[in-house]
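Step one of this worksheet: look at the structure below.
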Amino acid sequence: MTTPEIKEAVEFEDIFLQDKIERRAYEQREKAIRDYYSYMSVFKEEGLQQGLYQQAIQTAKNMLKDKVDIKLISKYTSLSINEIEELKAKLDM
C-alpha cells in the first residue's frame, strides 16, 4: 500500500463493507445483472431452437410437396414421423 490510490481504494472498500444497506443494494444490483444476462441467454437459445424448428417444418412441407418418403423427411429434418404425418394431413395430401 505504498501508493495513495491503492490506500484510498482499500479505505473505501473497508467503509463500503461496513455499510450493510449499501452492500445489500450492491449485491441486489449484481444479482439483477446476472439474472438479466442469464435470461437473455436462455431466450436467445429458445429463439434459435424455435427458428430451427420452423425451418425444419418448412423443409418438410417442401419435401412432402415433392412426394419425398416420410422416413427420409424425418431423417433430414429430425422431425418425428408423427409430426410429419400431422403436417401432411394439414396440407391435405
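Last residue of the sequence shown? That's 106 in the numbering used here, and every number before it is there in order. Just so you know, even glycine gets a beta-carbon here, dropped at the ideal spot from N, CA and C.
CA-CA distance, Glu-40 to Arg-47, rounds to 11 Å. In the displayed model, Ser-51 falls within a helix according to three-state DSSP. Each residue's CA atom was taken as its position, placing Ser-51 and Leu-92 some 29 Å apart. Contact between the segment 53-65 and the segment 29-39 is absent: fewer than 3 CB-CB pairs across the two stretches fall below 8 Å. Apart from sequence neighbours up to five positions away, the residues of its chain that approach Glu-98 with a beta-carbon distance below 8 Å are Ile-83, ordered along the chain. Counting along the chain, Val-81 sits inside no alpha helix (DSSP H), nor does DSSP assign it H or E at all.
Distance between Glu-59 and Glu-24, taken at the CA atoms: about 45 Å.
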